[in-house]
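*Asks:* Going by UniProt numbering, the residue at position 93 of the sequence shown is 98; the numbering climbs one at a time, nothing skipped.
After the structure tokens below, expect a handful of questions from me.
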Amino acid sequence: ARQRKIRNFSIIAHIDHGKSTLADRILEYTGALTTREMQEQVLDQMELERERGITIKLQAVALTYKADDGEEYLLNLIDTPGHVDFTYEVSRSLAACEGALLVVDAAQGIEAQTLANVYLALDNDLEILPVINKIDLPSADPDRVKQEVEDVIGLDTSNAVLASAKAGIGIKEILEQVVQSVPAPQGDPDQPLKALIFDSHYDPYKGVIVYVRVMDGKIKSGSKIKMMATGKTFEVIEVGAFKPRMTIVDELNVGDVGFIVAGIRHVGDTQVGDTVTDAKNPTPEPLPGYRKINPMVYCGLYPIETSDYVDLREALEKLQLNDASLSFEPETSSALGFGFRCGFLGLLHMDVIQERIEREFNIPLITTAPSVIYHVTLTNGEVMQIDNPSNYPEVGRIDYVEEPYVKASIIVPNDYVGTIMELCQNKRGEYVNMEYLDTTRVTITYEIPLSEIVYDFFDQLKSSTKGYASFDYELSGYRQSNLAKMDILLNGEQVDALSFIVHRDRAYNRGRIICEKLRELIPRQMFEVPIQASVGTKVVARETVKAMRKNVLAKCYGGDISRKRKLLEKQKEGKKRMKQVGNVEVPQEAFMAVLKID
Ligand code: GDP
Ligand code: MG
């Protein structure tokens, strides 16, 4: 009976279409939080983040809503991360729901992540309720956007709510639709426990807090549970709901969304998508869709100050407590010393981790260029997975090399079709197809090497279309490619941290651009510094940093001490971000220079 009054739903949207604003409004409308409380909560969370170096986001919230039919409903709103790096997590969060609100901006219409999210929702058989948001904008054209949703997605929009999350218009209609159109959870309370893990976070006092949706059976404190993918067993200490603050309850029943505390020390033991069952009376089959998540992008992180090495390790360990998808292992570079090879889900994930290490842990870093994982098949048949150019085998031992490709979907106004095609072709893309969304916009699909996306694809896409393009991608598989390792030599010495993998057709061009970049970035030294780019033993490009002509301090001759000191201090400051490589001083930016190629 209680089960019939539960509605589990998510909000999906392209970035900036109003997902967070709508969620806030829904919380407010159902009285879960007052506006003041909401602001306080947000502030609290930021402070906590800073203090403990962990992210606390709104993963799920339980709301009660008294509907027009006079009944009271329990609405569980499950938040999803809004970035392509986290597609798997999004899909698992959606798997915990029966329905999704599809928010589309009434001025912008469908964008790339609108579609990507709709596909994920359809994969999970969700009831999708379209919401046309921002109807308060003068440029809003709800009829056009409704038509677009019908034509492109094939959803009936006759009941689509016209809303303004900002002005609080349409909120009640949205909640009524959730109650009426999102199915109540199915599942059998008398079957053995079967619960989906859709998220988790680490709490220093309680250990890992596991976010679950109960599919069958029930769970309460004292139960012995088993994680089916990892095989780990635990005894449940507490179960609870998000009301919206975490509140302990007696038990979680079929259909419920809540959390489990079970003295779990590692987030790695609670993998997103895994099935929690009863250890003594297990369910025969785990839930479908579980995947072990693997990093897609790797880079080296090195402390600028050698003495920060131990602190950097501690920072990574702390971040990993809460983020099972971050991987790292020690690595040494002859150029950069002791550091770590780190694996990330994607570029955003990488940026976030770097930024947090620098800002929250106060450790200035040198980052080496990101690399994807290459599959190198040797002449003896052995296959190596290479995530670090330094480990790339000698050319003579290689039979062939494969690299990961993605299927990229780009939505743009018609006028930019030529621009996008040129950009994709420059990135070694292969045209797949083009479909018109309406008379003014198209979806262009290309297969592109992931390594090209990892460079500055997104920035170039934005700048070449004045921000009008939206973009989404998914991994499509490995393909054979004509690749080689390019090495950079400074003053005749190979700098391992600057090596990267390049397509042979582009080697000459990239080598030339990088040598020019490095010449600009490396300051003059007391001696001439040749810069060379080579593939194997063949030098493909060369530049020279000229020697310094005279001592800069000579200018201060005449004894203005304070000026002299200032100059020395300035030089010292500059040096902090320099790394001594052999006998050459190299600034931090140089290690990222291989990235920025137009
Ligand atoms: P999200 O990225 O989907 O979570 O989008 P946000 O909720 O953060 O909203 C993005 C921007 O759009 C913010 O500046 C909001 O204030 C604004 N916004 C959201 N809903 C509305 C709306 O109904 N009308 C208008 N005019 N602006 C809105
Ligand atoms: Mg948001």
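Yeah, the Cβ is synthetic: ideal placement off N, Cα and C, and Gly gets one too.
Remember, it's a predicted structure, so these values are computed and weren't measured experimentally.
Could you check where the alpha helix (DSSP H) with residue 596 kicks off and where it finishes?
*Replies:* Residue 596 -> no alpha helix (DSSP H), and no H or E assigned at all.
*Asks:* Once you ignore the five residues that flank residue 410 on each side, which residues in its own chain have a CB closer than 8 Å to its CB?
*Replies:* So the list reads 452, 453, 454, 455, 480, 481, 482, 483, 484, once near-sequence residues are dropped.
*Asks:* Pick helix, strand or coil for residue 62, following the three-state DSSP scheme.
*Replies:* Low per-residue confidence applies at residue 62: pLDDT is 49, beneath 50, and the placement is therefore not dependable, though the value from the model is reported in the following sentence. Residue 62: coil per DSSP, three-state reduction.
*Asks:* Under the three-state reduction of DSSP, which class applies to residue 122: helix, strand or coil?
*Replies:* Looking at residue 122 - three-state DSSP - the assignment turns out to be helix.
*Asks:* Spatial neighbours of residue 373 within its chain, please: CB distance less than 6 Å, with the 5 preceding and 5 following residues excluded, ordered by chain position.
*Replies:* So the qualifying residues of the chain are 304, 305, 502, 596.
*Asks:* Which whole-angstrom value describes the C-beta separation of residue 395 and residue 539, a residue pair presumed to lie in contact below a C-beta threshold of 8 Å?
*Replies:* Between residue 539 and residue 395 the Cβ distance is about 15 Å, and since that is not below 8 Å, they are no contact.
*Asks:* The beta strand (DSSP E) with residue 233 in it runs from where to where?
*Replies:* It is not in any beta strand (DSSP E) - residue 233 carries neither H nor E in the DSSP assignment.
*Asks:* Bridge partners for residue 537 per DSSP, in chain order?
*Replies:* Per DSSP, 494, 547.
*Asks:* With hydrogens ignored, establish whether the beta-carbon of residue 23 is closer than 7 Å to any heavy atom of the ligand GDP.
*Replies:* Under cutoff, so the answer is yes.
*Asks:* Distance, Cα to Cα, residue 3 vs residue 307?
*Replies:* The question about residue 3 has no answer, for the chain in this structure spans 6 to 603.
*Asks:* State yes or no: is the C-beta of residue 126 nearer than 7 Å to some heavy atom of the ligand GDP?
*Replies:* Not under cutoff, so the answer is no.
*Asks:* Determine the extent of the alpha helix (DSSP H) in which residue 185 is found, giving its start and end residues.
*Replies:* Where residue 185 is concerned, the enclosing alpha helix (DSSP H) stretches over 176-186.
*Asks:* Excluding five sequence neighbours on each side, which residues of the same chain lie with their C-beta closer than 6 Å to the C-beta of residue 434?
*Replies:* Cβ neighbours of residue 434 beyond the five flanking positions: 451, 453.
*Asks:* Hey, residue 215 and residue 226 are a contact pair by Cβ (cut 8 Å); roughly how many whole angstroms apart?
*Replies:* Not quite, the Cβ-Cβ distance comes to about 13 Å (not below 8 Å), so this is no contact.
*Asks:* Apart from the five residues on each side of it in sequence, which residues of its chain come closer than 7 Å, Cβ to Cβ, to residue 102?
*Replies:* So the qualifying residues of the chain are 13, 14, 15, 83, 131.
*Asks:* To the nearest angstrom, how far is it from the Cα of residue 445 to the Cα of residue 418?
*Replies:* If you take the alpha carbons of residue 445 and residue 418, they lie about 6 Å apart.
*Asks:* Could you check if residue 142 belongs to the surroundings of the ligand NAD, using beta carbon to heavy atom distance under 7 Å?
*Replies:* Of the ligands one can find in the structure shown, namely the ligand GDP and the ligand MG, none is the ligand NAD.
*Asks:* In angstroms with no decimal places, state the Cα-to-Cα distance between residue 669 and residue 461.
*Replies:* In this structure the chain extends from 6 to 603, so residue 669 is not present and cannot be described.
*Asks:* Which residue's Cα is closest to the Cα of residue 175: 508, 224, 106, 197?
*Replies:* Closest by alpha carbon: 106.
*Asks:* Is residue 171 near the ligand GDP, going by C-beta to nearest heavy atom under 7 Å?
*Replies:* At least one heavy atom of the ligand GDP is nearer than 7 Å to the Cβ of residue 171, so yes.
*Asks:* How would you call residue 532, buried or exposed, if buried means at least 16 neighbouring beta carbons within 10 angstroms?
*Replies:* Exposed is the call here.
*Asks:* State the beta-bridge partners of residue 108 as determined by DSSP.
*Replies:* BP columns for residue 108 point to 18, 136.
*Asks:* Reducing DSSP to helix, strand and coil, say where residue 310 ends up.
*Replies:* Coil.
*Asks:* If you compare alpha carbons, which of 229, 292, 275, 221 is closest to residue 260?
*Replies:* Answer by Cα proximity: 221.
*Asks:* My assumption, with CB atoms under 8 Å, is that residue 449 sits in contact with residue 116. Please give the rounded CB distance.
*Replies:* At roughly 13 Å, the Cβ-Cβ gap does not stay under 8 Å, so residue 449 and residue 116 are not in contact.
*Asks:* Less than 8 Å between the C-beta atoms of residue 443 and residue 94, yes or no?
*Replies:* The answer is no: Cβ separation not under 8 Å.
*Asks:* Report the residue ranges of all alpha helix (DSSP H) runs contained in full by the stretch 303-383; include only those spanning at least 4 residues, in chain order.
*Replies:* Qualifying alpha helix (DSSP H) stretches, in chain order: 314-326, 352-364.
*Asks:* So, with DSSP's three-state summary, where would you put residue 584?
*Replies:* Strand.
*Asks:* Just verifying my parser: in three-state terms, what is the DSSP assignment at residue 78?
*Replies:* Three-state result, residue 78: strand.
*Asks:* Any heavy atom of the ligand GDP closer than 7 Å to the Cβ of residue 20?
*Replies:* Yes - the ligand GDP has a heavy atom lying nearer than 7 Å to the Cβ of residue 20.
*Asks:* CA-CA distance, residue 190 and residue 315?
*Replies:* Between residue 190 and residue 315, the C-alpha separation is close to 49 Å.
*Asks:* Per DSSP, which residues does residue 428 bridge with? Please list them.
*Replies:* In the DSSP output, where bridge partners are listed per residue, residue 428 has none listed.
*Asks:* Please confirm if the stretch 539-550 is in contact with the stretch 483-497, defined as three or more CB-CB distances below 8 Å between the two stretches.
*Replies:* Contact between the stretch 539-550 and the stretch 483-497 is present, because at least three Cβ pairs lie under 8 Å.
*Asks:* So, is residue 388 buried or exposed, given that buried needs 16 or more other C-beta atoms within 10 angstroms?
*Replies:* Exposed, because fewer than 16 other Cβ atoms sit within 10 Å of the Cβ of residue 388.
*Asks:* Return the first residue and the last residue of the alpha helix (DSSP H) that residue 152 is part of.
*Replies:* 147-153 is the span of the alpha helix (DSSP H), which, as asked, contains residue 152.
*Asks:* Any idea if residue 164 is buried or exposed, counting beta-carbon neighbours within 10 angstroms, 16 or more meaning buried?
*Replies:* Under this definition residue 164 is an exposed residue.
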